[in-house]
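Residue numbers (our numbering): 1005 to 1239.
To keep things clear, I will list the structure first and then write my remarks on it.
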């Protein structure tokens, strides 16, 4: 049964608005795309295409609203290089605009050997740190950020991402029963806030109408049935 947007809760409406925004911006596309895991996906999310001030500002608004609605507590924001750098900066600006001013920092891929030196830029890492990134496919970037944060004496506390694909991760080239998000949440003990999930994308496609959208819905649903994870368990 199609659920009207007015019947959705606040967080569900935010997710639907975000999916619509991502599609309209050309960031969320449909077709045939090869993932890092070697799967042929019927959709592709490329956050690098949030490529002007208006789009980045709107994206930061979605992150900030999702974080505030989640109730996750954090003391600062960290952006892993490279995509996480503008995300951390703009999300911190938007959080401040909404009354939640927190410091932010990011890392360089290579250590600087002049000036202030080192790999970290921005506020000192301390307290409960929120990592902001676009998506989480294998959890590798999260683990690297966690190591940096712990080495600085701070606590890696939570991760915020734009889209949770809700699909099986791969380890040594083999599918496993859990997703990267589930791994970070259950194995690393960190909270995860996603603006939208694959389930939200499916609902959007179901509601949008039109033969083209129905065809996309069928392909995305088939992909989820093949590679999707059980949200209730993790091996």
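In this text, a Cβ means the ideal position worked out from N, Cα and C, and glycines have one as well.
The Cβ atoms of residue 1208 and residue 1020 sit closer than 7 Å to each other. The alpha carbon of residue 1111 has as its nearest neighbour, out of 1043, 1104, 1219, 1091, the alpha carbon of 1091.
In this structure, the alpha-carbon of residue 1053 lies about 9 Å from that of residue 1032. For residue 1080, the enclosing beta strand (DSSP E) has its first and last residue at 1080-1083. Judged by beta-carbon spacing, residue 1169 lies within the 7 Å limit of residue 1202, meaning their Cβ atoms are closer than that value. For residue 1208, the secondary structure class from DSSP, reduced to helix, strand or coil, is helix. DSSP places residue 1068 inside the alpha helix (DSSP H), whose first and last residues are 1057-1074. For residue 1226, the enclosing alpha helix (DSSP H) covers residues 1215-1231. Inter-residue distance for residue 1167 and residue 1139 is about 6 Å (C-alpha atoms, whole angstroms). Within the DSSP bridge table, the entry for residue 1179 names 1174 as partners. Contact fails between the segment 1095-1106 and the segment 1171-1185, because fewer than three Cβ pairs, one in each stretch, are under 8 Å apart.
Contact between residue 1190 and residue 1078 does not hold, since their C-beta atoms are separated by about 19 Å, which reaches or exceeds 8 Å.
For residue 1029, the secondary structure class from DSSP, reduced to helix, strand or coil, is coil.
Exclusion of the five residues before and after residue 1200 leaves 1019, 1022, 1023, 1167 as the residues of its chain whose Cβ lies within less than 6 Å of its Cβ. When the Cα atoms are used, residue 1180 and residue 1035 turn out to be separated by approximately 25 Å.
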